[in-house]
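Enquirer: Just so you know, we're using the numbering used here here: the sequence shown kicks off at 12 and counts up by one.
Ideal Cβ placement from N, Cα and C applies to all residues, glycine included.
Can you read through this structure? Questions will come right after.
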Amino acid sequence: MQVVVNVDDLGLHPAVRRAVEALAARGSVTSASVLANGPDVRAATRVRGVSLGAHLNILRGRPLSPGREVRTLLGADGLFLGDYGALWRRVVARGVKLDEVRLEWSRQIERLLERGIALSHLDGEKHTHCWPALMPVACELAQGHGIPWVRRSSDPFVPLGSPTAMLRTWLLRRWCRRAVAPAGVRFPDATWGIFDQGDRLDPRRMARALRQAPNLEVVEVVCHPGEPHSADAEIDPSFGRLRVRSLWEPERRRLDDDAWRQVAAEEGWTLTGFDGIAASNRGRERGATTR
Numbered sequence: 012m013q014v015v016v017n018v019d020d021l022g023l024h025p026a027v028r029r030a031v032e033a034l035a036a037r038g039s040v041t042s043a044s045v046l047a048n049g050p051d052v053r054a055a056t057r058v059r060g061v062s063l064g065a066h067l068n069i070l071r072g073r074p075l076s077p078g079r080e081v082r083t084l085l086g087a088d089g090l091f092l093g094d095y096g097a098l099w100r101r102v103v104a105r106g107v108k109l110d111e112v113r114l115e116w117s118r119q120i121e122r123l124l125e126r127g128i129a130l131s132h133l134d135g136e137k138h139t140h141c142w143p144a145l146m147p148v149a150c151e152l153a154q155g156h157g158i159p160w161v162r163r164s165s166d167p168f169v170p171l172g173s174p175t176a177m178l179r180t181w182l183l184r185r186w187c188r189r190a191v192a193p194a195g196v197r198f199p200d201a202t203w204g205i206f207d208q209g210d211r212l213d214p215r216r217m218a219r220a221l222r223q224a225p226n227l228e229v230v231e232v233v234c235h236p237g238e239p240h241s242a243d244a245e246i247d248p249s250f251g252r253l254r255v256r257s258l259w260e261p262e263r264r265r266l267d268d269d270a271w272r273q274v275a276a277e278e279g280w281t282l283t284g285f286d287g288i289a290a291s292n293r294g295r296e297r298g299a300t301t302r
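Next comes the structure, spelled out in structure tokens:
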């Protein structure tokens, strides 16, 4: 099994960048997804040693597009809505124009390409790219830009816990099972870390979960480590109040533990970036049919 350990939100804050660099050097993080509209994006695009992708975002912060071009994505303050439920309700009510989503996401991808990143994958802030109306847009953009991987946020095991988190994880899995990858685009077979976050980001916990879903070839671990310093500024207020800040340090500690490499060896996992998988599976990709 090939396992990609991917850090979301690179570009949001220097703390995330520090964690990616430190954990990549230890070999426990292999990939990261960059917020093109993040305040730390300039420095983040210089990170090396991991595969880099675009963390597509129509949920938080300022758009890259002029406001008049993406009106249905914004609140009265000209920012993205900053509220998962509010965005979901607007999408379900068909109050969001998909052409505006396509335009904003395209600009985010192009901004990162302009900064010299060879994008290996796409995913979305809070997995919004997996919503039924939005996944085809993400896949279309991946195909059009030659980006070989799109996250399929399908956690194979949902343990007992918060009813809201359980429902969201279950819905994501259900939606993702219906998703179809176009030619030239692949999905990981499963994603882990959507429900198990913070101190629950434990490799042995992951191993137990994955044993319940046999025949997996590629699994993505979603994580949110950070290494804040006392002199750091707060997260840009345009991004609103973020729960992810509380995950930074516990997840950094978990990923800094030698247990990840030990469990990988015991379970026969190969820790790799998305670019490593693409390189080792070119023959199979050429012969693959659209799912």
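1) Which one of M12, S44 and Q13 has the shortest CA to CA distance from H24?
2) Please report the distance separating the alpha-carbon of A220 from that of V31.
3) With DSSP collapsed to three states, give me the class of G135.
4) With DSSP run on the structure shown, which of helix, strand or coil describes E115?
5) Between G64 and the rest of its own chain, which residues show a CB-CB distance below 8 angstroms, the 5 nearest in sequence each way excluded?
6) Return the chain-ordered ranges of every alpha helix (DSSP H) run that is complete within the segment 261 to 295 and spans a minimum of 4 residues.
7) Can you name the start and end residues of the beta strand (DSSP E) that A65 belongs to?
8) Just to confirm, are R254 and L212 a CB contact at a threshold of 8 angstroms?
9) Nearest to C234 by CA position, among M12, V27 and Q13, is which residue?
10) Let me know if V107 comes out buried or exposed under the rule of 16 or more other beta-carbons within 10 Å of its beta-carbon.
11) Assuming D207 and R216 make a contact with CB atoms under 8 angstroms, what is their CB distance in whole Å?
12) So what does C234 bridge to, in DSSP terms?
13) For R293 and G155, I'd like the C-alpha separation in whole angstroms.
14) Grab me the residues of A290's own chain with a C-beta within less than 8 angstroms of its C-beta, minus the 5 sequence neighbours each way, in chain order.
15) Within this structure, are the beta carbons of R71 and F91 separated by less than 8 angstroms?
16) From which residue to which residue does the alpha helix (DSSP H) around V148 run?
17) From the DSSP output, in three-state form, read off W203 for me.
18) Below 8 angstroms on the Cβ atoms is my guess for R163 versus T139; work out the distance and round it to an integer in Å.
19) Does the count of Cβ pairs from the segment 242 to 261 and the segment 184 to 196 closer than 8 angstroms reach three?
20) Would you call the CB atoms of P74 and L84 closer than 8 angstroms?
Expert: In short, the structure shows the following:
1) Locating residue 24 in the sequence shown gives position 13, counting from the first residue. Selected option, being the one with the closest Cα: S44.
2) Against the sequence shown, residue 220 aligns to sequence position 209. Against the sequence shown, residue 31 aligns to sequence position 20. Taking the straight line joining both Cα atoms gives about 25 angstroms.
3) To locate residue 135, count along the sequence shown from 1; it is residue 124. It is a strand residue.
4) Here the question's residue 115 lines up with position 104 in the sequence shown. The answer is helix: DSSP assigns E115 an H, G or I state.
5) Taking the first residue of the sequence shown as 1, we reach residue 64 at position 53. Cβ within range, chain order: N17, S42, A43, S44, V45, L130, S131, H132, L133, D134, I158, W160 and F285.
6) 270 to 278 and 285 to 291
7) Position 54 of the sequence shown, counted from the first residue, corresponds to residue 65. Where A65 is concerned, the enclosing beta strand (DSSP E) stretches over S62 to L67.
8) Stepping through the sequence shown from its first residue, residue 254 is reached at position 243. Stepping through the sequence shown from its first residue, residue 212 is reached at position 201. No, these two residues do not count as a Cβ contact at 8 angstroms.
9) For the purposes of this step, residue 234 is identified with residue 223 of the sequence shown, where counting begins at 1. Nearest option by C-alpha distance: V27.
10) Here residue 107 refers to the residue found at position 96 of the sequence shown. With 16 or more other Cβ atoms within 10 Å, it is buried.
11) In the sequence shown, counting from the first residue as 1, residue 207 sits at position 196. In the sequence shown, counting from the first residue as 1, residue 216 sits at position 205. About 6 angstroms; that satisfies the 8 angstroms criterion.
12) Translated into the one-based positions of the sequence shown, residue 234 becomes position 223. Per DSSP, V18.
13) The residue you call residue 293 lines up with position 282 of the sequence shown. The residue you call residue 155 lines up with position 144 of the sequence shown. Confidence at R293 is low in this model, with a pLDDT of 39, below 50, so the placement of that residue should be treated as unreliable; the coordinate-derived value is given next. Taking the straight line joining both Cα atoms gives about 18 angstroms.
14) Here residue 290 corresponds to residue number 279 of the sequence shown, with the count starting at 1. Low per-residue confidence applies at A290: pLDDT is 49, beneath 50, and the placement is therefore not dependable enough to give any value.
15) Residue mapping note: residue 71 aligns to position 60 of the sequence shown, counting from 1. Residue mapping note: residue 91 aligns to position 80 of the sequence shown, counting from 1. Yes, Cβ-Cβ distance for R71 and F91 is below 8 angstroms.
16) For this step, residue 148 is matched to residue 137 along the sequence shown. Unbroken alpha helix (DSSP H) run through V148: M146 to H156.
17) Numbered from 1 along the sequence shown, position 192 holds the residue referred to as residue 203. The answer is strand: DSSP assigns W203 an E or B state.
18) The count along the sequence shown starts at 1 and reaches residue 163 at position 152. The count along the sequence shown starts at 1 and reaches residue 139 at position 128. Their Cβ separation, rounded to whole angstroms, is 14 angstroms, which puts R163 and T139 out of contact at 8 angstroms.
19) no
20) As a first step, residue 74 must be located in the sequence shown, where it is residue number 63. As a first step, residue 84 must be located in the sequence shown, where it is residue number 73. Cβ atoms of P74 and L84: closer than 8 angstroms.
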